[in-house]
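A.B. asks:
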Amino acid sequence: MHIALADTLSPSWDLVADIQILLHYPFMQNAYLGGTLVALTAGIMGYFMV
33 MHIALADTLS PSWDLVADIQ ILLHYPFMQN AYLGGTLVAL TAGIMGYFMV
C-alpha cells in the first residue's frame, strides 16, 4: 500500500473486509496472536486464583 493511501483508508461497515485488511500486516498478526495468548493465560490463571 502506498503511503498516500494510508490517509484515505477508514473503517467501513464491512467488518470482514476490515479485519482481512488488518490481518494483511505481519505486525497486526503478531499483535492479535499475542493478545489472544495473554487473554487465555489470564483467564486460566484467574480461574485458579479466585
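Numbering (this note's numbering), first residue to last: 33 to 82.
Backbone N, C-alpha and C define an ideal beta-carbon position, used for all residues, glycine too.
What did DSSP end up calling D48 once you bin it into helix, strand or coil?
C.D. replies: In the sequence shown, counting from the first residue as 1, residue 48 sits at position 16. Just to set this straight, residue 48 is Val in the shown sequence, not Asp. Reduced to three states, the DSSP call for V48 is helix.
A.B. asks: Once you ignore the five residues that flank Y79 on each side, which residues in its own chain have a CB closer than 8 angstroms to its CB?
C.D. replies: What you label residue 79 is simply residue 47 of the sequence shown in a count that begins at 1. Excluding residues within five positions, none has a Cβ falling inside 8 angstroms.
A.B. asks: Check this for me: beta carbons of L72 and Y64, under 8 angstroms apart or not?
C.D. replies: By 1-based counting over the sequence shown, the position of residue 72 is 40. By 1-based counting over the sequence shown, the position of residue 64 is 32. In this structure, Y64 does not lie closer than 8 angstroms to L72 by Cβ.
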